[in-house]
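> Here it is, the structure in full.
Residue numbers (the working numbering): 19 to 245.
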């Protein structure tokens, strides 16, 4: 019995050692994403043709979602996707703790070459925020979206939704023919949220808890407060 218990303890210890680096790496990835989101916001504000409309949209937004490195595939048939940070505006005008999300889509005929984009979405009403916090949603279908790229005005995309729930601002590198993230799916990344906060928390619980600590997001909050 003693030998069996010792063997079980050894197996459990080895399992914990094996898992620990993965959890630590996940936390590092989340912290890195928060830093990248802050840098993306600064770069987007540096795009002179975007900054005025974007700052106005941020000042009125119920929430923001930043995807600092949205990757689009090459050639005619490709895909796009990236990790993002969502923060909601609280009643006192401060920004909530971050919710980590993924954005992904498949596209056909949208691009001729690879692309990397920095994208900021402003969520303009409570219904849109509720949808993003509740489940995965499809942009341009479940939620209407209006688009502004560097060098262009803010224009509504061709969507099945009748309203503009979200404004999209982006600067891109690489060859790209344009177009909104029509059909892109946004959904919470549960494993990243649970790993970052050390317990299971849904997106609504994260944004509605004023006492939730997220010091790594302080710099991003400060950057969002700058006009």
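Even glycine gets a Cβ: it sits at the ideal position worked out from N, Cα and C. A quick note: this is a predicted structure, and the numbers were derived from the prediction, not measured.
1. Restricting to Cα atoms, I'd like to know which of 113, 74, 85 and 141 is closest to residue 237.
2. For residue 13, count the other beta carbons within 10 Å of its own beta carbon; 16 or more makes it buried, fewer makes it exposed. Which is it?
3. Within the continuous beta strand (DSSP E) that includes residue 203, where are the two ends?
4. Confirm, please, whether the CB-CB distance from residue 89 to residue 121 is below 8 Å.
5. Consult DSSP for residue 112 and reduce its assignment to one of helix, strand or coil.
6. For residue 53 and residue 187, which I take to be in contact (beta-carbon distance under 8 Å), what is that distance rounded to the nearest angstrom?
7. Give me, in chain order, the residues of the same chain whose beta-carbon lies closer than 6 Å to that of residue 115; leave out the 5 immediate sequence neighbours on both sides.
8. Determine the direct distance from the alpha carbon of residue 226 to that of residue 17, and round the result to whole angstroms.
9. Report the option in 206, 239 and 46 whose CA atom is closest to the CA atom of residue 117.
10. Going by DSSP, which residues form a beta bridge with residue 224?
11. Out of 157, 145 and 102, which has the shortest C-alpha to C-alpha gap to residue 47?
To lay it out plainly:
1. On the chain shown, residue 237 is found 219 positions in, with the first residue counted as 1. Comparing Cα positions, the closest option is 113.
2. Summary: the structure shown does not reach residue 13, with the chain confined to residues 19 through 245, and so no result is reported for it.
3. Indexing the chain shown from 1 puts residue 203 at position 185. Counting along the chain, the beta strand (DSSP E) containing residue 203 begins and ends at 203–206.
4. One-based indexing of the chain shown puts residue 121 at position 103. One-based indexing of the chain shown puts residue 89 at position 71. Contact flag unset, no.
5. Against the chain shown, residue 112 aligns to sequence position 94. Coil, per DSSP.
6. Numbered from 1 along the chain shown, position 35 holds the residue referred to as residue 53. Numbered from 1 along the chain shown, position 169 holds the residue referred to as residue 187. Incorrect: roughly 19 Å between the Cβ atoms, too far for contact.
7. Position 97 of the chain shown holds residue 115. Hits under 6 Å: 224, 230 and 232.
8. With the chain covering 19 to 245 only, the question about residue 17 has no answer from this structure.
9. Your numbering for residue 117 matches position 99 in the chain shown. If we check each option's Cα against that of residue 117, 206 comes out closest.
10. The residue you call residue 224 lines up with position 206 of the chain shown. According to DSSP, residue 224 bridges with nothing at all.
11. For this step, residue 47 is matched to residue 29 along the chain shown. Comparing Cα positions, the closest option is 102.
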